[in-house]
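First the structure, in the form of C-alpha cells, and then the observations on it.
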Amino acid sequence: LLKLRNNIETSLNIHERIDKGLDLRKAQYKADVEFRVDIHETLEKQEVKSLKQVDVLVENLLAGYDRITRQKQDELSSGLSFFSLLKRTFSSIFSKKASAKDWLENLAKDMEAGLNEELKGKLNSGVIDLADSIQQMAKIIDLKIRSSKTILRDDHELFSDIAEKRNNILKDLQEQFTRFVSRTENFTDESLFPDKSVISTSAATGSGLAVVGMILAAVAQGMVFDITGGILTAIGLLFAGISSRVKRKKILEGFTTEVGKGRSRMEEEVSTNLKTYISNLKVRIEGNFERFDLLLEKEEEQITRLEQMHESITQRLEEVSASLEGNVEESGGEEEE
Numbered sequence: 084l085l086k087l088r089n090n091i092e093t094s095l096n097i098h099e100r101i102d103k104g105l106d107l108r109k110a111q112y113k114a115d116v117e118f119r120v121d122i123h124e125t126l127e128k129q130e131v132k133s134l135k136q137v138d139v140l141v142e143n144l145l146a147g148y149d150r151i152t153r154q155k156q157d158e159l160s161s162g163l164s165f166f167s168l169l170k171r172t173f174s175s176i177f178s179k180k181a182s183a184k185d186w187l188e189n190l191a192k193d194m195e196a197g198l199n200e201e202l203k204g205k206l207n208s209g210v211i212d213l214a215d216s217i218q219q220m221a222k223i224i225d226l227k228i229r230s231s232k233t234i235l236r237d238d239h240e241l242f243s244d245i246a247e248k249r250n251n252i253l254k255d256l257q258e259q260f261t262r263f264v265s266r267t268e269n270f271t272d273e274s275l276f277p278d279k280s281v282i283s284t285s286a287a288t289g290s291g292l293a294v295v296g297m298i299l300a301a302v303a304q305g306m307v308f309d310i311t312g313g314i315l316t317a318i319g320l321l322f323a324g325i326s327s328r329v330k331r332k333k334i335l336e337g338f339t340t341e342v343g344k345g346r347s348r349m350e351e352e353v354s355t356n357l358k359t360y361i362s363n364l365k366v367r368i369e370g371n372f373e374r375f376d377l378l379l380e381k382e383e384e385q386i387t388r389l390e391q392m393h394e395s396i397t398q399r400l401e402e403v404s405a406s407l408e409g410n411v412e413e414s415g416g417e418e419e420e
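Residue numbering for the sequence shown follows the numbering used here, starting at 84 and increasing by one per position.
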C-alpha cells in the first residue's frame with residue numbers, strides 16, 4: 084500500500100510539472116495569436132493609409148485637370164463668340180494673324196502642354212507619398228516578425244519538440260519574408276497594367292521593395308497620359324471639323340462632353356488600379372504566414388486535447404489518492420483496536 088501511495092505521489096508531481104509546462108505552452112500560443120492578430124491589424128491599417136493616399140493623389144490630379152480644362156473652356160467660349168470669330172476671319176484675310184482654325188489648334192496644343200505640366204507635378208509628389216506608404220507596410224511587418232516573443236524554449240523538458248518546430252517555422256518565416264521583399268516580381272502586378280514594357284523597364288532599374296515607387300510612377304503616368312491623349316485626340320478631331328456654319332453651342336457641348344469623359348475615366352481607372360495593386364500586395368504579404376497560421380490552428384487543437392486529458396488524469400489520480408488515504412485510515416484504526 085505504501086509503494087502504491089509513493090507511485091501516486093510521484094505521478095502527481097509529474098503531473099504538476101506537465102501542468103506548468105502546459106501553462107508555458109498556452110502562454111506561447113496566446114503570444115503567437117496576439118502576434119498574428121497584430122500583423123493582420125497592422126496590414127489593415129497600412130492598407131487604409133495607402134488607399135487614402137490614392138484618394139489624395141486622384142483628388143489632386145482631378146483638381147489640376149479641372150483647373151486647366153476649365154481655363155481652356157473659358158477661352159473657347161470667349162473665342163467662339165460671333166464677334167471674335169468674325170474678327171479672326173477678317174484678320175486672317177488682311178493680315179498674318181491666325182485664323183479661327185489655327186487659333187483652335189493652338190488652344191488644343193496649349194491645353195495639352197498645360198495638362199502635361201500640371202499632371203506630371205501632381206503625379207510626382209503623390210506617387211512618392213503613396214510608394215512610401217506601401218513600402219512602410221512591408222517594412223513594419225518585417226520588423227514585427229523579427230521581434231516576435233519566444234516563451235516556450237526549445238530546451239523545455241516536456242515540450243521541446245513543439246518549441247523547436249515553432250522556432251523553425253518562425254525562422255523560415257523570417258527568411259521567406261526577407262526573400263519576399265527582395266524579389267521584384269512580388270511588387271509587380273502585370274494583370275492590372277496593360278503596358279508590360281513599363282513594368283519591365285522599371286523592374287530592370289530597381290530591385291525588390293525599392294521598385295514600388297518606380298512601378299507606381301511609370302504606371303500612373305502611363306494611365307493618366309493615355310487618358311489625356313485620348314481626350315486631346317477627340318478634341319482635335321472636334322476642332323478640325325469646325326467651319327463657320329458650325330454652331331458655337333455644339334462645339335462647346337462637344338468639348339465639355341470629351342472633358343467630362345476623360346475626367347470620369349481618370350478618376351475610375353487610376354483609383355481602381357492603384358487600390359487593387361495595394362490590396363493584392365496585402366494579400367501577398369499575408370500569404371507568407373500560411374505555415375505559421377497552420378501551426379497555430381494545430382496548436383489550438385492539441386492544447387485543447389491536452390487540457391482535457393490533463394484534467395481527466397488529475398481527477399483520477401486525486402480519486403485514487405483519496406481512496407488510498409481512506410484505506411490507510413481504516414487500517415490504522417483496526418490496528419489500534
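Even for Gly, the Cβ is constructed at its ideal location relative to N, Cα and C.
Small disclaimer: the values here were computed from a predicted structure and weren't measured.
In chain order, what residues of the same chain have a beta carbon less than 7 Å from the beta carbon of residue i, not counting five sequence neighbours either side?
| i | result |
| --- | --- |
| VAL131 | none |
| ILE228 | LEU256, GLN257 and PHE260 |
| ALA246 | LEU235, ARG236, ASP237 and HIS239 |
| GLU382 | TYR112 |
| ASN89 | none |
| ALA221 | VAL264, LEU292 and ILE368 |
| GLU350 | VAL141 and LEU145 |
| SER362 | GLU130 |
Is the separation between the beta-carbon of residue i and that of residue j shorter than 9 Å?
| i | j | result |
| --- | --- | --- |
| LEU213 | ILE368 | no |
| GLY147 | GLU188 | no |
| LEU379 | VAL307 | no |
| LEU140 | LEU357 | yes |
| GLN129 | GLY197 | no |
| VAL353 | LEU144 | yes |
| ALA110 | SER231 | no |
| PHE372 | GLN156 | no |
| ARG346 | ASP149 | yes |
| ARG348 | GLY313 | yes |
| LEU95 | LEU400 | yes |
| ASP121 | THR397 | no |
| SER208 | SER133 | no |
| PHE375 | ILE252 | yes |
| GLN304 | LYS203 | yes |
Count the other C-beta atoms from every protein chain shown that fall within 10 angstroms of the C-beta of residue i, then say buried if there are 16 or more, exposed otherwise.
| i | result |
| --- | --- |
| ILE310 | buried |
| ILE318 | buried |
| LYS135 | exposed |
| ILE97 | exposed |
| GLU195 | buried |
| ARG249 | buried |
| GLU92 | exposed |
| GLU268 | exposed |
| SER406 | exposed |
| LEU364 | buried |
| MET392 | exposed |
| LEU315 | buried |
| ALA323 | exposed |
| THR233 | exposed |
| THR387 | exposed |
| SER395 | exposed |
| SER265 | exposed |
| GLU402 | exposed |
| THR355 | exposed |
| VAL116 | exposed |
| THR366 | Note on residue identity: the sequence assigns Val, not Thr, to residue 366. Flag for VAL366 reads exposed. |
| LYS180 | Bear in mind that a pLDDT of 49 at LYS180, under 50, signals an unreliable position, so the number given afterwards is only what the model happens to contain. That one is exposed. |
Within the continuous alpha helix (DSSP H) that includes residue i, where are the two ends?
| i | result |
| --- | --- |
| GLU258 | 243-265 |
| LEU25 | The requested residue 25 does not occur in the structure, where the chain is confined to residues 84 to 420. |
Closer than 6 Å by C-beta to residue i: which residues in its own chain qualify, once you throw out the five before and the five after it? Chain order, please.
| i | result |
| --- | --- |
| GLN218 | LEU292 and VAL295 |
| ALA300 | VAL210 |
| GLY104 | LEU241 and PHE242 |
| GLU417 | Note that GLU417 has pLDDT 46, beneath the 50 cutoff, so the model's placement of it is unreliable and no number is given. |
| THR152 | VAL342 |
| ASP244 | none |
| SER404 | ILE91 |
Going along the chain, which residues of its own chain have a beta-carbon closer than 8 Å to the beta-carbon of residue i, five neighbours each way excluded?
| i | result |
| --- | --- |
| ARG100 | GLU240 and LEU241 |
| LEU169 | Bear in mind that the predicted position of LEU169 carries a pLDDT of just 43, short of 50, making it too unreliable to give a figure here. |
| LEU335 | GLN156, LEU159, SER160 and LEU163 |
| ALA191 | LEU315, ILE318, GLY319 and PHE322 |
| ASP225 | PHE260, THR261 and VAL264 |
| PHE118 | LYS227, SER231 and LYS232 |
| ASN199 | PHE308 and THR311 |
For the stretch 329-411, which segments carrying the alpha helix (DSSP H) assignment without a break, of at least 4 residues, lie completely within its bounds, in sequence order? Within the stretch 329-411, the complete alpha helix (DSSP H) runs of at least 4 residues are 331-370.
Continuous beta strand (DSSP E) assignments of at least 3 residues falling wholly in the stretch 180-210: none
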